[in-house]
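Peer 1: Handing you this structure, nothing more for now.
In UniProt numbering, the protein residues as written are 1 to 206.
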């Protein structure tokens with residue numbers, strides 16, 4: 001497999017070079033990632049779509065996370081990240097159909113690695129039922145939708161769990177309906193400000 005290279009930045013997001021993805025995570029270089037939240041509106045309710053990460057992922061296995069995300073490779077533009085929607089969810093979207101809602105810095109310590117990201121966050125509105133999505137099964141093993149008002153109460157610690165509804169895929173590729181209450185241990189631990197950016201944009205109707 002061809003080695004993947006990423007552009008690296010200082011803390012002010014000034015370009016300082018190019019390193020392999022492996023070295024970026026080993027040495028904790030800042031790099032860019034594309035995060036796209038798929039939004040589904042049903043009547044007066046608005047839902048965010050969360051993906052369930054594959055159990056063999058090296059980071060946050062089996063946890064729920066942003067609808068679609070990926071690294072921006074060296075020389076790519078942020079908008080090139082739209083490919084992740086196609087690869088992970090089977091969604092054909094054009095860059096001009098996405099709404100850019102901001103950038104947030106995040107830092108994760110995973111074993112001996114340090115993952116420092118400039119997360120470029122987008123919103124994509126899609127009317128399709130999540131059951132129609134085509135998953136990249138070595139990356140994503142399920143999708144759920146969560147209503148944003150309930151999610152906001154959950155993030156503010158006003159409720160202990162949040163209702164999620166969707167499906168999971170087993171090793172044979174069969175889909176099973178999923179309806180359950182999720183708690184904070186079920187989610188990738190993005191910092192509070194990350195979710196606030198997303199929810200504020202949705203509640204302001206972008």
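We treat Cβ as the ideally placed atom computed from N, Cα and C, and that holds for glycine.
Computed from a prediction, not measured in an experiment: that's the story for all the values here.
1. So for residue 194, helix, strand or coil by DSSP?
2. Would you kindly report the start and end of the unbroken alpha helix (DSSP H) that includes residue 150?
3. Say the cut is 6 Å; is the CB of residue 166 nearer than that to a heavy atom of the ligand NAP?
4. Between the stretch 44 to 61 and the stretch 135 to 145, are three or more C-beta pairs nearer than 8 Å?
5. Just verifying my parser: in three-state terms, what is the DSSP assignment at residue 84?
6. DSSP state of residue 22, grouped into three classes?
7. Put residue 48 into one of helix, strand or coil per three-state DSSP.
8. Taking three-plus beta-carbon pairs below 8 Å as touching, is the stretch 153 to 173 in contact with the stretch 69 to 89?
9. Taking only three categories from DSSP, how would you classify residue 97?
10. At what residues does the beta strand (DSSP E) containing residue 33 begin and finish?
11. Can you give me the C-alpha to C-alpha distance between residue 81 and residue 124, rounded to a whole angstrom?
12. Determine, using beta-carbon pairs with one atom in the stretch 117 to 134 and one in the stretch 33 to 43, whether at least three such pairs fall under 8 Å.
13. Sorted by chain position, which residues of the same chain lie with C-beta nearer than 7 Å to residue 15's C-beta, five sequence neighbours on each side aside?
Peer 2: On the basis of the coordinates in this document:
1. helix
2. 148 to 155
3. Looking for the ligand NAP in the displayed structure turns up nothing, as the structure carries no ligands at all.
4. yes
5. helix
6. helix
7. strand
8. no
9. helix
10. 30 to 42
11. 13 Å
12. yes
13. 7 and 9
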